[in-house]
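Below is one structure, written out as structure tokens; comments come after it.
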Amino acid sequence: IPLTSGGRGLRGRVPIWDPDFKQTPPPHVQAAMSASLSSPSKDKTATGGAETSDSTKKRSAATEPEHNPPKRRREPQIDESLDQVISEIVAVLDDSSKMLGPQAILPEHAPRDEAAKIEEKRGAIEFHCVANSLTEKVPKQTMLWLIALQNVFSHQLPRMPKEYITRLVFDPKHKTLALVKDGRPIGGICFRMFPSQGFSEIVFCAVTSNEQVKGYGTHLMNHLKDYHIRNGVFHFLTFADEFAIGYFKKQGFSKDIKLGKPIYQGYIKDYEGATLM
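Just so we're aligned, residue 1 is where the sequence shown starts under UniProt numbering, counting upward by one.
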């Protein structure tokens with residue numbers, strides 16, 4: 001297809017490119033070139049040489065573009081107040097009242113239930129001691145919580161017969177310390193007190209699986225200890241299976257029973273494959 005210009009064919013005509021074409025220099029280069037062509041030749045005489053040289057320098061200075069000297073790379077300067085800024089930052093980090101990180105909320109040697117204590121102070125969790133009764137009317141809320149606790153124990157203690165769990169949870173002689181979160185029990189400790197013998201038997205202890213490792217189990221046990229101290233009972237006994245021994249050890253339980261066997265024999269239930277603590 002022949003090249004066209006203005007709709008007319010260029011076949012047999014002069015091509016649109018010019019082989020002698022030279023690009024026009026930029027304006028500042030043209031000014032410099034015209035200045036150098038118009039400047040007179042230097043007179044080597046002693047009298048006129050100085051004036052000619054001076055005038056040439058002035059015209060060159062007026063016409064030639066200024067060539068800025070290359071900028072030196074600035075060396076980074078150390079701010080004199082840097083030490084002061086660092087000192088202020090360190091002071092903030094060392095000030096516990098200004099720390100917002102996990103160390104301020106949970107110190108390195110904080111109790112295991114410290115986070116649960118904070119939640120309880122905020123009202124996020126509550127503790128209620130609930131029990132069934134055959135002589136008094138049981139509030140509907142209490143019955144709903146007992147049913148929920150029975151479900152928690154059944155799910156977390158699968159090797160324990162569900163009928164057995166239900167019978168003890170709803171037995172008026174047993175009480176359950178319930179951990180309530182968002183209006184529903186998420187854990188609890190079912191126990192039976194023997195005030196005349198000076199001890200209580202812990203029958204079931206569990207926290208729902210998605211709420212574990214938050215200090216709730218420790219906080220539950222601490223509340224249970226406080227409840228018994230207020231009622232003048234200072235000993236716990238429980239049969240722990242292989243999965244629960246570690247938890248009870250962390251709560252201060254021991255396999256070395258300090259109570260005499262005649263005190264609890266015939267009062268507590270024996271469990272095969274479990275360890276008395």
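The beta carbon of each residue, even a glycine, is placed where N, CA and C say it ideally should be.
Mind reading off the beta-carbon distance from residue i to residue j? Whole number of angstroms is fine, and I expect it under 8 Å.
{"i": "Thr176", "j": "Gly187", "result": "Not really, about 10 Å apart at Cβ, beyond 8 Å."}
{"i": "Asp113", "j": "His219", "result": "4 Å"}
{"i": "Ile257", "j": "Val180", "result": "With a Cβ gap of about 33 Å, Ile257 and Val180 do not count as contacting."}
CB-CB under 7 Å to residue i, same chain, minus the five flanking residues each way: which ones, in chain order?
{"i": "Tyr271", "result": "Phe239"}
{"i": "Lys255", "result": "Thr275 and Met277"}
{"i": "Leu149", "result": "Val169, Thr176, Ala178, Pro185 and Gly188"}
{"i": "Val138", "result": "Asn132"}
{"i": "Gly273", "result": "Asp241"}
{"i": "Gly123", "result": "none"}
Which partner residues of residue i appear in the DSSP bridge assignment?
{"i": "Glu242", "result": "According to DSSP, Glu242 bridges with nothing at all."}
{"i": "Phe194", "result": "Phe199"}
{"i": "Phe127", "result": "Leu179"}
{"i": "Pro185", "result": "Val180"}
{"i": "Ala206", "result": "Gly188"}
{"i": "Thr275", "result": "Ala240"}
Report the residue from the options whose alpha carbon sits nearest the alpha carbon of residue i.
{"i": "Ile268", "options": "Phe204, Phe153 and His128", "result": "Phe204"}
{"i": "Glu119", "options": "Leu168, Glu211 and Ala91", "result": "Glu211"}
{"i": "Val213", "options": "Tyr247, Pro195 and Ala91", "result": "Tyr247"}
{"i": "Cys129", "options": "Ile263, Ile257 and Arg192", "result": "Arg192"}
{"i": "Met143", "options": "Leu82, Arg122 and Asp171", "result": "Asp171"}
{"i": "Thr208", "options": "His223, Asp226 and Pro185", "result": "Pro185"}
{"i": "Pro158", "options": "Leu179, Asp241, Ser81 and Ser133", "result": "Asp241"}
{"i": "residue 278", "options": "His235, Ala148 and Ile245", "result": "There is no way to answer for residue 278, as the model of the chain reaches only from 1 to 277."}
{"i": "Lys261", "options": "Gly273, Lys249, Met277 and Phe253", "result": "Met277"}
{"i": "Thr135", "options": "Ile147, Lys173, Gln150 and Leu149", "result": "Lys173"}
{"i": "Asn222", "options": "Ser133, Phe253, Gln197 and Gly198", "result": "Phe253"}
{"i": "Ile245", "options": "Thr275, Leu93 and Ile257", "result": "Thr275"}
{"i": "Gly266", "options": "Lys258, Arg167, Lys250 and Gln197", "result": "Gln197"}
{"i": "Ile147", "options": "Gly273, Cys190 and Lys225", "result": "Cys190"}
{"i": "Gly217", "options": "Asn151, Phe127 and Val85", "result": "Phe127"}
{"i": "Gln156", "options": "Phe243, Val90, Gln141 and Arg167", "result": "Phe243"}
{"i": "residue 278", "options": "Phe199, Pro161 and Gln141", "result": "Any property of residue 278 remains undetermined from this structure, which presents the chain solely from 1 to 277."}
Within its chain, find whatever has a CB closer than 8 Å to the CB of residue i; leave out the 5 residues flanking it on each side and keep chain order.
{"i": "Thr45", "result": "With a pLDDT of only 45 at Thr45, under the threshold of 50, the placement of this residue in the model should not be trusted, and no figure is reported."}
{"i": "Pro195", "result": "Asn231, Gly232 and Val233"}
{"i": "Met33", "result": "Pro25"}
{"i": "Glu88", "result": "none"}
{"i": "Leu106", "result": "The predicted position of Leu106 is uncertain, since its pLDDT is 45 and thus under 50; a value taken from the coordinates is nonetheless stated next. Glu114 and Ala115, listed in sequence order."}
Leaving out five residues before and five after residue i in sequence, what residues of the same chain have Cβ atoms less than 6 Å from its Cβ?
{"i": "Phe153", "result": "Ile165, Phe204 and Ala206"}
{"i": "Leu201", "result": "First, the residue type needs correcting, since residue 201 is Glu and not Leu in the sequence shown. Cβ neighbours of Glu201 beyond the five flanking positions: Arg192, Leu237 and Ile268."}
{"i": "Gly215", "result": "Arg112, Asp113, Ala115 and Ala116"}
{"i": "Trp145", "result": "Val130, Ala178 and Pro185"}
{"i": "Leu224", "result": "Leu177 and Ile189"}
{"i": "Gln251", "result": "Met221"}
{"i": "Phe199", "result": "His235 and Leu237"}
{"i": "Ala61", "result": "Reliability fails at Ala61, whose pLDDT of 48 lies under 50, so the model's placement of it is uncertain and the value that follows must be treated cautiously. Contacts found: none."}
Is any non-hydrogen atom of the ligand FMN found closer than 7 Å to the C-beta of residue i, if you look at the structure I gave you?
{"i": "Val138", "result": "The ligand FMN is absent from the structure shown, which contains no ligand whatsoever."}
Using a Cβ cut-off of 8 Å (strictly closer), state whether residue i contacts chain B.
{"i": "Ala148", "result": "Note that chain B does not occur in the displayed structure, where there is just one protein chain."}
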